[in-house]
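> Read in numbering that gives the first Met the number 0, the sequence shown has 74 at position 75, and its numbers run on one by one without any break. For glycine and all other residues, C-beta sits at the position ideal for the given N, C-alpha and C. Next up is a structure, given as structure tokens.
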Amino acid sequence: MPAPDGVELTFPDDGGCFGCSPSNESGMRLRFRREGSRVRTDYRIPDRFHGAPGVAHGGIVATILDEVSCAAAVFLADRFVVTGELTVRYASPVPVETPLEVDAEIVAQSHPRFAEIAAHVRRDGRLLARSVGKFFYHERPSQP
Numbered sequence: 000m001p002a003p004d005g006v007e008l009t010f011p012d013d014g015g016c017f018g019c020s021p022s023n024e025s026g027m028r029l030r031f032r033r034e035g036s037r038v039r040t041d042y043r044i045p046d047r048f049h050g051a052p053g054v055a056h057g058g059i060v061a062t063i064l065d066e067v068s069c070a071a072a073v074f075l076a077d078r079f080v081v082t083g084e085l086t087v088r089y090a091s092p093v094p095v096e097t098p099l100e101v102d103a104e105i106v107a108q109s110h111p112r113f114a115e116i117a118a119h120v121r122r123d124g125r126l127l128a129r130s131v132g133k134f135f136y137h138e139r140p141s142q143p
């Protein structure tokens, strides 16, 4: 059964993921919650992840979109996934050290091997970047 809206979501295992693991000291430590049919995170990109001064590196923005998309698969569809394809569109520069709203939703699950997931990065409700991707189902990872 899915977690109620607004409750912080936790993965069954802490695998040291760069994006979401609380134990990865050099990672982003993203934290997620469910809001209806979406998974959401609020994040402030540290300046250490800048490209041009004051602007987040595009690869970091793509990483955030990928992470929230994978979290949507886990917490909305109860499926572990790996990224098969991710298309990112940047609408405006994404600033560092600024509160951002990030969300993802499953837009299609009609294929037996993957889900299509859309994600967005916003600042004060204004779209800065978005992605759509195919995320392939795989078995829950086993412990080493």
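For A103 versus I116, is the C-beta distance shorter than 7 Å?
Translated into positions along the sequence shown, residue 103 becomes position 104. Translated into positions along the sequence shown, residue 116 becomes position 117. Their beta carbons are under 7 Å apart, which means A103 touches I116 by this criterion.
> Between the Cα of A76 and those of V38, M27, G124, H56, spot the shortest distance and give me the residue it belongs to.
Against the sequence shown, residue 76 aligns to sequence position 77. It is V38 whose Cα lies nearest to the Cα of A76.
> So if DSSP puts H56 in a beta bridge, which residue, or which two residues, is it bridged to?
Start at 1 with the first residue of the sequence shown, and residue 56 comes out as number 57. DSSP lists no partner for H56.
> Using a Cβ distance threshold of 8 Å, determine whether the region 81-99 contacts the region 30-46, with at least three qualifying pairs required.
Verdict: yes, contact present.
> Can you grab the Cα-Cα spacing for the pair F10 / R121, in whole Å?
Along the sequence shown, one-based indexing puts residue 10 at 11. Along the sequence shown, one-based indexing puts residue 121 at 122. One C-alpha to the other measures close to 24 Å.
> If you count every other CB in all the chains shown that lies within 10 Å of the CB of T86, and 16 or more means buried, which is it?
For the purposes of this step, residue 86 is taken as the residue at position 87 of the sequence shown. Exposed: under 16 other Cβ atoms inside 10 Å.
> Just tell me which of A71, N23, E24 has its CA closest to the CA of E7.
Taking the sequence shown and counting its residues from 1, one reaches residue 7 at position 8. E7 has its Cα closest to that of A71, out of A71, N23, E24.
> Which runs of the alpha helix (DSSP H), 4 residues or longer, sit entirely within the region 54-110?
Fully enclosed alpha helix (DSSP H) runs of 4 or longer: 57-76.
> So which of I105, T82, R125 has the shortest CA-CA distance to E34?
What you label residue 34 is simply residue 35 of the sequence shown in a count that begins at 1. The shortest C-alpha separation from E34 is found at I105.
> Pick helix, strand or coil for E24, following the three-state DSSP scheme.
Residue mapping note: residue 24 aligns to position 25 of the sequence shown, counting from 1. If DSSP states are grouped into helix, strand and coil, E24 belongs with coil.
> Let me know the secondary structure DSSP gives D46 once reduced to three states.
Indexing the sequence shown from 1 puts residue 46 at position 47. Helix.
> Considering only residues of the same chain and omitting the five flanking positions on each side of L126, which have a CB-CB separation below 7 Å?
If you number the sequence shown from 1, residue 126 lands on position 127. A90, H119.
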